[in-house]
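Please read the structure below before turning to the comments.
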Amino acid sequence: MTHAFMDTLRVSVLLCLFVNIAEGNSQSFVYCSQDIASRYFAPSHTVVISHRSRTTTNRHDENRCQVPSLKPNVVKNSNLSCLQQDIWRALFESMHKPEKWTFLLLQSQTENSELQSTTIKHDSYMLLVTEAKLAVEDIKVQMVRLKKNPDWNPRAKYVVMFMQSGMTANETIIKDILSELWHSKVVNAVVLSRQTSQNEINVYTWFPYHPRGRCGDVRDVILLDSWILDEEGRERFLHSAPLFPEKIPRDMQGCPFMVSTFEYEPYVIKRKESRKVEYQDGLDLRLISVLGQAMNMTMSLRPPPPDGGRWGFLLDNGTWVGVTAEMMRGYSDLALVGWFYRCHIINEIECSFPYITDEARWYVPCAQPYPRWMSITRVFKASLWLGFLAAYVIIVFVMWQVVKISNSISTVPIENQAYTSLAKCILNFWAIILEESASNNTPHVAEIRAVFLVWVMYCWAVNTVYQTYLTSFLIDPGLQHQMSSEEEILNSGIAYGIPTTMVSILPELSDRRYRRKLRCDDVEVCQHRLAMEGDLALFFTKYNNEYMAALKYMDGDGKPLVCQFDGSYYRQYVVIPVPKGNPMLNAYNNVIHLVHQAGLIEKWWKDLKYTATLSAAKDFNVPVGEYIKLTLQHLQSAFYFLFLGYSVSIISFLSEIFCRRK
Ligand SMILES: *[C@@H]1O[C@H](CO)[C@@H](O)[C@H](O)[C@H]1NC(C)=O
Ligand SMILES: *[C@@H]1O[C@H](CO)[C@@H](O)[C@H](O)[C@H]1NC(C)=O
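In our numbering, the protein residues as written are 20 to 681.
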């Protein structure tokens, strides 16, 4: 293997195809490529030089050069003739001289493992081809090799070169080569072809959307410029035409583009009454129509992915499913369905600018109000109730003792017997608690009256506070505890769902910490359970959940049935994914930019939510208002206590009757 021959020779992205260089103009070939490089290859970027070396079974092949004269020995194992090696060496020397680029030389046999991503994309490519009749095959093999490199850049400039003399590359071969490159989405490619008759090199390329009506099929190649020897003996381009012009027009003339999508509110909303897949509205549908108008493209929506993978996730066996897979396989040109940024994990896909920032967060059932029958006792904490009881017991005891002592020292026996026994004290003071008049003849003794007054004052204060609180609790019993952190969800024992697609974007969700998670592949079922049964927490995205809440899960007062707590788990950029190298990406980015600046996305979102709430509002039946009438339900607890009292009195009444009989 010859992989170590030139460490990293960096070149910018340009694909020159030099066709058929004969002995006479090998110099022209070198000058021409030098000229192209200096004009188009970005300085200090990487120039990739690719070549397919075939290992010949006969190592002493007649055609092979026996005296490799190149240092470093680039072509040791390749099947180049001595002449070709000379050209090669001259080319390298001339490219190296300006010391402007880093070179990376790839042979189609080089092991892939040694290539690590440098995060800087290659800027130009030079593909070397030896024979015209094997050219297309060679390019195919080289492209497979190049695409494995993580820094592969289909938007680079590509130049292809023919090393063999003799056979002329005709336009059909050039067209096939450009076609092969277009399979890999390479548009910025030129082919240099030497005219056999004159000492001249022609530069060919093609335009995917020109003339009108062409929609990306390579039908004819165009002669861009020629490298000639002028009258003064200088070699130069005849027209100095730009070799890498902009090839994507602003007006696509109605060319069809396939869009992968499926129903996903609020991005893509299906028409309800229709039985086949037909979409009605949505953030992404509006964006599609703006894209289509801005670029005059015909957008055809694909049916939902048949594998049911929706946005797509990685199967255990290493295949992707869903719209992600559709794009990786080239079935569609773009996807618009609230697709979260995944370009850091999929090398075959590129992402546009984000047009929405969505959030992934926890949604929990809303806290239930306290049952109203609890309002009477909930007013005070248990300790306060105990304190109150203790005060009662103490004051009863004190009164009893005071009356006793007062009787024993008093010379006049009092006629009033109201507080003379413990039981009488208990009952009288109980009456005061309940704001009933105590026995109306409190003894005319100052000490007894003082104790009595103390208790009355105390009860007055406590009662006022109690009644105030009781009134507010009766009207609004307040909410029970609301779950307010992830810790709590995981520890509380409530079921929680994390859809599989979320796990594919946030791999940390497959941690042991979340081992009890439900898969929730049908998110709607989980949302319904969350809102209606309230026994599930759901980890999902803001836009969808808020829209569904606005559309379906509102209570009679127009309050959502799904709650959330502060703090989103993760921000998610919603992007348009395209297959890597898709030449439209820049145009899409421009449209997104304008849509963003115009604030259209925000407006669309508000419109959609408003419409959803309106359509849900027809089912509301409780008039909303600040003032409410007290109903039986509000006074539930009072009635419970009333019935409790009735039962107690009936029991005591019956027992009285029984006791008398005995
Ligand atoms: C859009 O493309 C059609 C051809 O399909 C063309 O007739 C029309 O003029 C174009 N519209 C604009 C605004 O350029
Ligand atoms: C992976 O599994 C899916 C279905 O389980 C299958 O369709 C696909 O062909 C498999 N891929 C590979 C590479 O085995």
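No residue lacks a Cβ here, since even glycine has one placed at the ideal position from N, Cα and C.
Shown here for I611: same chain residues with a beta carbon closer than 7 angstroms to its own, the five before and five after excluded, namely S371, F372, Y374 in chain order. Looking at the DSSP output, N221 sits in a beta bridge with S212, S245. The residue from Y485, L200, F122 with its alpha-carbon nearest to that of V160 is L200. Counting C-beta atoms within 10 angstroms of its own C-beta, D626 has fewer than 16 neighbours from the protein chains shown and is therefore classed as exposed. Closer than 6 angstroms to some heavy atom of ligand 1: that describes the Cβ of N315.
Cβ contact annotation for M567 (same chain, cutoff 7 angstroms, sequence separation greater than five): E284, Q546, in chain order. Two segments are said to touch when three or more pairs of C-beta atoms, one from each, lie closer than 8 angstroms; by this definition the segment 377-393 does not touch the segment 477-484.
Annotation for L557: no alpha helix (DSSP H) segment contains it, though the beta strand (DSSP E) segment containing it runs 555-560.
Where E250 is concerned, there is no enclosing beta strand (DSSP E), because DSSP gives it neither an H nor an E. With a cut-off of 6 angstroms, the C-beta of G553 is classified as distant from ligand 1, since no heavy atom of the ligand falls inside that distance.
Excluding the 5 residues flanking it on each side, L110 has same chain C-beta neighbours closer than 7 angstroms at V49, S52, in chain order. Annotation for C678: the continuous alpha helix (DSSP H) segment containing it runs 655-680.
With respect to S523, F332 sits close: the two C-beta atoms are nearer than 7 angstroms. Taking C-beta atoms as the reference points, V237 and Y223 fail to come closer than 7 angstroms. Looking at K176, L124, E507, A154, the one whose alpha-carbon comes closest to that of T191 is A154. For A617 and R548, the gap between their C-alpha atoms comes out near 38 angstroms.
The alpha-carbon separation between I68 and K176 amounts to approximately 12 angstroms.
By DSSP's assignment, H70 forms a beta bridge with Q126, L147.
If the five residues before and after M271 are omitted, its C-beta is found closer than 7 angstroms to the C-beta atoms of Y228, M314, N315, M316, all from its own chain and listed in chain order. Distances from the CA of V309 to each of S666, L619, M551 were compared; the closest alpha carbon is that of L619. Contact residues of ligand 2 (beta-carbon closer than 7 angstroms to any heavy atom; chain order) are L334, N336, G337, T338.
Taking the CA atoms as reference points, F662 sits about 53 angstroms from L528. Among the bridge pairs identified by DSSP, Y283 is matched with V287. Not one heavy atom of ligand 1 sits closer than 6 angstroms to the Cβ of G232. Not a single heavy atom of ligand 1 lies less than 6 angstroms from the C-beta of G357. With a cut-off of 6 angstroms, the C-beta of Q46 is classified as distant from ligand 1, since no heavy atom of the ligand falls inside that distance.
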